[in-house]
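A short write-up of the structure that comes next.
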Ligand code: F6R
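Numbering (our numbering), first residue to last: 2 to 645.
Structure (structure tokens):
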């Protein structure tokens, strides 16, 4: 018998309680810079702060971890594998001290092992360095250093940087800070670094280029981290470092300067996130928690922007930029992965609701194409993390060529958010699960509101149509909660197809990108091969794959393509494919054809992606759990891809 773990209905608290209770019975149920940095200077045990911080950074993806703590000298420990192993080693080695740095590494240069794990040191082990990013000219630097007698233990590019700093420091009479500066000026590539030196035991030296770093400002203690999650527990005051900036952090303060030694006064920002937001809140995985938050996150995203009683949209972040956007010669959306899928939904929305044509580009492809973009065009970049290297590069290229660039970002204060001309935050709260869920629905919500705003601006959307859309959009959070109330059919489908080797996802129109997103979710977390297609494209190739073993998920939720999608389902059925439909309540013809029919509430066609994606996220989740996969940290993946 299938036991629905979500059979108790209610808002988020009820769901959590239901979930905890259900879990006791259900013991069988068992998104790159990717690396993470934490540093601490203060009165606490540095190792404890660092280990906790590294645990909070685990979501970024990693394969080894390490830390260095200063005391009467410098203690370094490293492990291949999990932070929990590092914690055990730290206990054994009694790593006491009030200043230190830690790192989770996601291997790029050199295999994931203890030697290549950070921190790295020079030959004399006087200092320790952790690094996020890639030193692109490490090979040339390494050969030069080897000629000078440096011996390398591993293959990591970071080790080369450590030796370079040592070489410069030991061969000149400049101080250690200047030696780091000079080394960084010789480096090509990206870095966020933190360094401690045993003869300067009161400080951490940090620097950034292309790899985010922030300083957490406390009282009698200060922090450095690659994102805010490790420090939120201690302070909400942060200083964001920009590219080519350095800082010296002590327990009593911090000083920031440019790489060329110009002192800077930096603004202190107040973080909006809370500790609760980055904890699991009773759910077994962050991904599930984030799927269940979507009623709330979509509502948060619309708050103060969807003005129901005035039948209008107000996007403060775009004020002063809407005319240019509405009159753009071309609108180009650039993004990666799930954010690219939301961009594809945006294309349909802009065309239908605002009569604007849009091109959606993989950011990684855009930057290497022949660029025909100029000041007459507008680029919209979409990024949950706001740190994705390819998206950032596309943004910079478009700006360099004079285009206005708008952003849709989740992480407040992220590099992309700061570098765009204007933009809209998704306000989905921290997304910790590597597989993106609530960020996608929030991005689509923002794109929907932008399309409606532009539709009014371009006089395409009538009052009546606008009224209908405003009403329907306002009801989406309730409808999301409705889907989440009963997941029993999805669980049953997941149980039946847990070991299917392949899946096909089909959708049309607005839901073609949802098919892509459903397939991506399954691939990422359950390691099942899955492909998404526009349903009619099936006939042009993928139909050859269909037999009695092939699960085919059809998103049949839009009315205006209903007849067509029914024909596509007939085609699958005729070849004995196993049909799983996502359909709107009351949609005719689907139930008759599908082996499983997962229904979602009816809404306006253009809003169906916001609902149709929810069962697909859950399907991927349940299958991954059944296969005992690492849901929140799938293999080889990292949350934020800050390498190209
Ligand atoms: C998929 C996923 C990735 C990201 C992509 C872009 O679940 O998380 O495909 O969507 O790496 O990341 P952002 O949106 O941070 O730019």
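Backbone N, C-alpha and C fix where the C-beta goes; we use that ideal spot for every residue, glycine too.
#1: Residue 110 by DSSP, collapsed to three states: which one?
#2: Do you know offhand how far residue 622's Cα is from residue 202's?
#3: Do you know how far the Cα of residue 638 is from the Cα of residue 32?
#4: Alpha carbon to alpha carbon, how far is residue 488 from residue 509?
#5: Rounded to whole angstroms, what is the Cα-Cα separation between residue 283 and residue 208?
#6: What are the boundary residues of the alpha helix (DSSP H) that residue 593 is part of?
#7: Closer than 6 Å by C-beta to residue 440: which residues in its own chain qualify, once you throw out the five before and the five after it? Chain order, please.
#8: Any idea if residue 646 is buried or exposed, counting beta-carbon neighbours within 10 angstroms, 16 or more meaning buried?
#9: Cutting at 7 Å between CB atoms, please list the residues of its own chain near residue 22, excluding the five before and the five after it.
#10: In the DSSP assignment, the alpha helix (DSSP H) including residue 192 goes from what residue to what residue?
#11: Compute the Euclidean distance between the alpha carbons of residue 472 and residue 519, then round it to the nearest angstrom.
#12: The beta strand (DSSP E) spanning residue 580 covers which residue range?
#13: Following a CB-centred definition, is residue 642 positioned closer than 7 Å to any heavy atom of the ligand F6R?
#14: Going along the chain, which residues of its own chain have a beta-carbon closer than 7 Å to the beta-carbon of residue 398, five neighbours each way excluded?
#15: DSSP three-state label for residue 43, please.
#16: Of all Cβ atoms in chain B, is any one closer than 8 Å to the Cβ of residue 197?
#17: Taking its Cβ as the centre, do 16 or more other Cβ atoms sit within 10 Å of residue 349, making it buried, or is it exposed?
#18: Nearest by alpha-carbon distance to residue 585: which of 347, 563, 453, 544 is it?
#19: Would you identify the three-state DSSP class for residue 502, choosing helix, strand or coil?
#20: Report back the beta-carbon spacing between residue 566 and residue 555 to the nearest angstrom; my notes put them in contact at under 8 Å.
#21: For residue 444, is the classification buried or exposed, using 16 other Cβ atoms within 10 angstroms of its Cβ as the cut-off for buried?
#22: Our contact map puts residue 69 next to residue 87 with C-beta atoms below 8 Å; I'd like the distance itself, whole angstroms only.
#23: Quick one: Cα of residue 91 to Cα of residue 104, how far?
#24: Say whether the stretch 498-509 touches the stretch 524-534, bearing in mind that this needs 3 or more beta-carbon pairs closer than 8 Å, one atom from each stretch.
#25: Where does the unbroken alpha helix (DSSP H) through residue 293 begin, and where does it stop?
#26: According to DSSP, which residues form a beta bridge with residue 68?
#27: How about residue 383 and residue 437: do their beta carbons lie closer than 8 Å?
#28: Indicate whether residue 154 and residue 170 have their beta-carbon atoms separated by less than 8 Å.
#29: So is residue 366 buried or exposed if we call it buried at 16+ other beta carbons inside 10 Å?
#30: Along the chain, where does the beta strand (DSSP E) that runs through residue 359 open and close?
#31: Helix, strand or coil for residue 540? Go by DSSP, reduced to three states.
#32: Quick one: what does DSSP say residue 496 is sitting in, helix, strand or coil?
#33: Check residue 202 in the structure and name its three-state DSSP category.
This is what the structure gives:
#1: Walking along the chain shown from the start, residue 110 turns up at place 109. Looking at residue 110 - three-state DSSP - the assignment turns out to be coil, as it is neither helix nor strand.
#2: Residue numbering aside, residue 622 sits at position 621 when the chain shown is read from its first letter. Residue numbering aside, residue 202 sits at position 201 when the chain shown is read from its first letter. Distance between the alpha carbons of residue 622 and residue 202 is about 46 Å.
#3: Translated into positions along the chain shown, residue 32 becomes position 31. Translated into positions along the chain shown, residue 638 becomes position 637. Low local confidence applies: a pLDDT of 35 at residue 32 is under 50, so the model's placement there is unreliable, and no value is given.
#4: What you label residue 488 is simply residue 487 of the chain shown in a count that begins at 1. What you label residue 509 is simply residue 508 of the chain shown in a count that begins at 1. Those two C-alpha atoms are separated by around 24 Å.
#5: As a working mapping, residue 283 is identified with position 282 in the chain shown. As a working mapping, residue 208 is identified with position 207 in the chain shown. Distance between the alpha carbons of residue 283 and residue 208: 37 Å.
#6: Your numbering for residue 593 matches position 592 in the chain shown. It spans 591-594 - the alpha helix (DSSP H) in which residue 593 sits, taken as one unbroken run.
#7: Here residue 440 refers to the residue found at position 439 when the chain shown is read from its first residue. Within the same chain, residue 440 has close Cβ partners 385, 411, 429, 432.
#8: Here the chain has residues from 2 to 645 only, and residue 646 is not among them.
#9: The residue you call residue 22 lines up with position 21 of the chain shown. Residue placement at residue 22 cannot be trusted, given a pLDDT of 35 that sits under 50; what the coordinates show is reported in the next sentence. Within the same chain, residue 22 has no close Cβ partners at all.
#10: Mapped onto the chain shown, residue 192 falls at position 191. Residue range 192-198 is occupied by the beta strand (DSSP E) that includes residue 192, with no alpha helix (DSSP H) assigned at that position.
#11: Reading the chain shown from its first residue, position 471 is the one you call residue 472. Reading the chain shown from its first residue, position 518 is the one you call residue 519. Straight-line Cα distance between these residues: approximately 27 Å.
#12: Here residue 580 is taken as the residue at index 579 of the chain shown, counted from 1. Taken as a continuous stretch (DSSP letters only), the beta strand (DSSP E) holding residue 580 covers 579-585.
#13: Along the chain shown, read from residue 1 onward, the residue named residue 642 stands at position 641. Of the heavy atoms belonging to the ligand F6R, at least one sits nearer than 7 Å to the Cβ of residue 642.
#14: Numbered from 1 along the chain shown, position 397 holds the residue referred to as residue 398. Excluding positions up to five away in sequence, the list reads 368, 372.
#15: Mapped onto the chain shown, residue 43 falls at position 42. In the three-state reduction of the DSSP assignment, residue 43 falls in the coil class.
#16: No chain B appears in the structure shown, which is made up of a single protein chain.
#17: Residue mapping note: residue 349 aligns to position 348 of the chain shown, counting from 1. Classification of residue 349: buried, given that the 10 Å Cβ count is 16 or more.
#18: Your numbering for residue 585 matches position 584 in the chain shown. Per the Cα distances, 563.
#19: Numbered from its first residue, the chain shown carries residue 502 at position 501. Three-state DSSP puts residue 502 in coil, outside helix and strand.
#20: As a position in the chain shown, residue 566 is number 565, starting the count at 1. As a position in the chain shown, residue 555 is number 554, starting the count at 1. Confirmed, Cβ separation roughly 6 Å.
#21: Taking the chain shown and counting its residues from 1, the one referred to as residue 444 is at position 443. That one is buried.
#22: As a position in the chain shown, residue 69 is number 68, starting the count at 1. As a position in the chain shown, residue 87 is number 86, starting the count at 1. 12 Å between Cβ atoms; not a contact.
#23: Counting from one through the chain shown, the residue named residue 91 turns up at place 90. Counting from one through the chain shown, the residue named residue 104 turns up at place 103. Going from the Cα of residue 91 to the Cα of residue 104 covers about 14 Å.
#24: yes
#25: Within the chain shown, the letter at position 292 stands for residue 293. Segment 287-293, the alpha helix (DSSP H) holding residue 293.
#26: As a first step, residue 68 must be located in the chain shown, where it is residue number 67. 78, 103.
#27: Position 382 of the chain shown, counted from the first residue, corresponds to residue 383. Position 436 of the chain shown, counted from the first residue, corresponds to residue 437. No, the Cβ-Cβ distance between residue 383 and residue 437 is not below 8 Å.
#28: Within the chain shown, the letter at position 153 stands for residue 154. Within the chain shown, the letter at position 169 stands for residue 170. No.
#29: Translated into the one-based positions of the chain shown, residue 366 becomes position 365. The residue is exposed, with fewer than 16 neighbouring Cβ atoms inside 10 Å.
#30: Residue mapping note: residue 359 aligns to position 358 of the chain shown, counting from 1. Per DSSP, residue 359 belongs to the beta strand (DSSP E) from 359-363.
#31: What you label residue 540 is simply residue 539 of the chain shown in a count that begins at 1. In the three-state reduction of the DSSP assignment, residue 540 falls in the helix class, which pools H, G and I.
#32: As a position in the chain shown, residue 496 is number 495, starting the count at 1. The answer is helix: DSSP assigns residue 496 an H, G or I state.
#33: Mapped onto the chain shown, residue 202 falls at position 201. Reduced to three states, the DSSP call for residue 202 is strand.
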